[in-house]
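These notes are about the structure you will find just below.
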Amino acid sequence: MNALPLVFSGKRCPNVLFSRLKAGATIPPHNGMINSRLIGHLPLIIPDDCGFRVGNQTRQWALGEAFLFDDTIEHEAWNHSSEDRFVLILEVWKPELNEAEQELITRMLTAVDSYGA
Numbered sequence: 309m310n311a312l313p314l315v316f317s318g319k320r321c322p323n324v325l326f327s328r329l330k331a332g333a334t335i336p337p338h339n340g341m342i343n344s345r346l347i348g349h350l351p352l353i354i355p356d357d358c359g360f361r362v363g364n365q366t367r368q369w370a371l372g373e374a375f376l377f378d379d380t381i382e383h384e385a386w387n388h389s390s391e392d393r394f395v396l397i398l399e400v401w402k403p404e405l406n407e408a409e410q411e412l413i414t415r416m417l418t419a420v421d422s423y424g425a
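Counting from 1, position 7 in the sequence shown corresponds to residue 315 in our numbering; the numbering is continuous, with no gaps.
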């Protein structure tokens, strides 16, 4: 993990997490808040009848096949199976951002989080 360009966004959320989507559950359409990062999914336990949509592209997770997407584009997920789905999720910086830009974004998010605290 140390070799990955992981995003640090203060108190907002972890930059690496295990995501469990319970059998029969859905994650409704939503958008991320900032376009400085990409979200990576590494499927770990994927029953049949699970899917994911980003914009107008729908895909099925395939075990061991990671992918990245821009979460500012509307996305959603579903698990129509009778088993739980598990994915490792991580946030990485968009490759076009240099270290100075990454630091400024991190400082901005930290300042926003501390406002009114």
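Glycine residues also receive a C-beta, built at the ideal position from the N, C-alpha and C atoms.
Asked: Between Ser327 and the rest of its own chain, which residues show a CB-CB distance below 6 angstroms, the 5 nearest in sequence each way excluded?; Found: Val395 and Ile397
Asked: Can you tell me the Cβ-Cβ gap for Leu376 and Leu352, rounded? I've got them flagged as a contact below 8 angstroms.; Found: Actually they do not touch by this definition, with Cβ atoms about 16 angstroms apart.
Asked: Use the C-beta contact count for Ile354: other C-beta atoms within 10 angstroms, 16 or more gives buried, fewer gives exposed.; Found: buried
Asked: So Ser390 packs on Ala333, CB below 8 angstroms; how close in whole Å?; Found: Actually they do not touch by this definition, with Cβ atoms about 12 angstroms apart.
Asked: Let's test the definition: count the other Cβ atoms within 10 Å of the Cβ of Asp356 and tell me whether it reaches 16, buried, or not, exposed.; Found: exposed
Asked: If I follow the unbroken alpha helix (DSSP H) through Thr414, where does it start and stop?; Found: Glu407 to Ser422
Asked: I need the DSSP call for His338, collapsed to helix, strand or coil.; Found: strand
Asked: Let me check understanding here. Comparing Cα to Cα, which of Gln368, Arg367 and Ala385 lies closest to Ile335?; Found: Ala385
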